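Each remark here refers to the structure printed beneath this line.
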Amino acid sequence: MILSLAAAMSSGGLPQNTTSSATFDPSSLDPWLDPYPDLPGVNSSSAVPVRTSTSDLDLRPLTSPQDVSPWDVALCVTGTLISCENALVIAVLFYTPTLRAPMFILIGSLAFADLLAGLGLILNFVFIYLVKGEVVTLVSTGILIVAFSASILNILAITVDRYLSLYNALTYHTERTVLFTYLVIGLIWLVGLILGVLPALGWNCLDDETTCSVCRPVTKSNAVALAIFFLLVFAVMMQLYLQICRIAFRHAQQIAVQHQFIAISTTKGVQTLSVILCAFATCWLPFAMYSIVADSSYPIIYTYATVLPAACNSVINPIIYAFRNPDIQKGLWLACCGCVPSNLSLRPRARTSSDV
């Protein structure tokens, strides 16, 4: 009835059998009487789009932009902070010729991995809201897997280095060559690249969404394997740090002359190792455990709530492994103001387990 009425109005008059309750349109008599001559969609001659699908209840505009999630913004901001911190560490290590020892090479590799993780978080935000597609999804996922895997493995390598520096204190500097350190770093990045390229080689859930893990497009089986890999790394780190504590206390007992100095040094070392383990576990354990028990059907807010602390581990790493080191602190002071505070210049260069 409404369509027939509109057709009759467009032909020049009302239907002959129109009842008295019909609405009178002044514009049908004279175009000069139209109260809204410039508003499209009011005149009878204007075409009004009609939704015919089941999405008629969708009240959002057809051209509305995608809503930006505050969790994605938080991850992007975290990635920016990670990139700035670790870029500073890399710059100090690169422009300071004295920082070429194996432990500084490992710190530089860790900083580069965390820098790549920060850039990956920024690119992931760009790919979500600006550039979409399966290819860019696989690229951003691969970058993040490579970066975080290399970061965890570098932390494990630093832990092994700390253990060897105490266990073989007399022969450490002769056995631990720079070439061997580069070989270890090469192995670390090779493993990270292999893990990161797996989704692009077909180990993804783009064809079957039911097999997705909490982080699309990684499959549930791959996520479980990565989580177990992390738990094994964490278990090895705990065992090594326990051995480091035992060696430190044994050295303290053997040198009984310097009671106060050894007590303070040992206590500081144990506190530092506790901070390292607690920070690593607090950041990564929730996400690892959640990846094992959950899948893509779980609310996405739980994924964000566990991914964000894991990303924050790359914020903490420069503070724990770089900015606390006296030699790197000297490099930072020289780069920023061209001077070194007296308390740093007077420190001995002897390295202890609490340096890193």
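Here my numbering runs 1 ahead of the position in the sequence shown, where the first position is 1. The C-beta atom is built at its ideal place from N, Cα and C for all residues, glycine as well. Everything numeric in this text was worked out from a predicted model, so none of it was measured.
Ignore the nearest five residues each way along the sequence and tell me which others in residue i's own chain have a CB closer than 8 angstroms to its CB.
| i | result |
| --- | --- |
| I83 | D115, L116, A118, G119, L122, A312, S315, V316 |
| I108 | V90, L94, I159, Y322, A323, N326, I329, V357 |
Within 10 Å of its beta-carbon, does residue i have 16 or more other beta-carbons around it, so buried, or fewer, so exposed?
| i | result |
| --- | --- |
| E210 | exposed |
| S150 | buried |
| K331 | buried |
| P103 | buried |
| C338 | exposed |
| R251 | exposed |
| G193 | buried |
| S275 | exposed |
| A224 | buried |
| D68 | exposed |
| L196 | buried |
| C358 | This structure cannot speak to residue 358, because the chain is shown only from 2 to 357. |
| A170 | exposed |
| L1 | Given that the chain is displayed from residue 2 to residue 357, the structure contains no residue 1 and the question cannot be resolved. |
| T178 | exposed |
| L180 | exposed |
| T220 | buried |
| L100 | buried |
On a Cα-Cα basis, can you pick out the residue from the options that is closest to residue i?
| i | options | result |
| --- | --- | --- |
| P287 | I229, G193, S141 | I229 |
| L167 | V219, P310, L243, S110 | L243 |
| I245 | L194, I159, T220 | I159 |
| G187 | R163, N223, P327, S110 | S110 |
| V74 | R163, T99, L124, L180 | L124 |
| C77 | A88, T97, I129 | I129 |
| A236 | I195, I153, T99 | I153 |
| W190 | R101, I156, L278, S275 | I156 |
| P200 | E135, L274, V185, L180 | E135 |
| L205 | L139, L241, V147 | The question names Leu, but residue 205 is Asn in the sequence shown. Comparing Cα positions, the closest option is L139. |
| G80 | L335, L309, V137, W334 | L309 |
| L278 | I195, V185, M239, F105 | M239 |
| A226 | L165, T283, I293 | I293 |
| Y164 | V234, I146, R247, T97 | R247 |
| V127 | S70, L241, L171 | S70 |
| V234 | Q272, L202, A282 | A282 |
| V362 | S222, T172, P218 | With the chain running from 2 to 357 in the structure shown, residue 362 is simply not present. |
Less than 6 angstroms between C-beta atoms, sequence neighbours within five positions excluded: which residues of the same chain meet that for residue i?
| i | result |
| --- | --- |
| T20 | For T20, the predicted structure reports a pLDDT of 43, less than 50, and the residue's modelled location is therefore unreliable. The matter cannot be settled from this model. |
| A280 | I317 |
| V90 | A112, P319, A323 |
| Y1 | The question about residue 1 has no answer here: the residues shown for the chain are numbered 2 through 357. |
| R325 | none |
| R352 | Note that R352 scores 48 on pLDDT, short of 50, meaning its location in the model is unreliable; the coordinates nonetheless yield the value given after this. No residues qualify anywhere along the chain. |
| T97 | G332 |
| W72 | Y305 |
Keeping to the same chain, check which residues put their C-beta closer than 7 angstroms to that of residue i; ignore five residues upstream and five downstream.
| i | result |
| --- | --- |
| L232 | A289 |
| V198 | G143 |
| V132 | none |
| T304 | V215, C216 |
| V185 | A158 |
| T182 | P103, I106, L107 |
| L333 | V93 |
| A88 | L116 |
| S141 | G121, L124, N125, F128 |
| I146 | L196, G197 |
What are the partner residues of residue i, as DSSP defines its beta bridges?
| i | result |
| --- | --- |
| V219 | N205 |
| C213 | T220 |
Checklist entry - Would you call the segment 294-304 and the segment 199-215 touching, i.e. three or more CB-CB distances under 8 angstroms? => result yes
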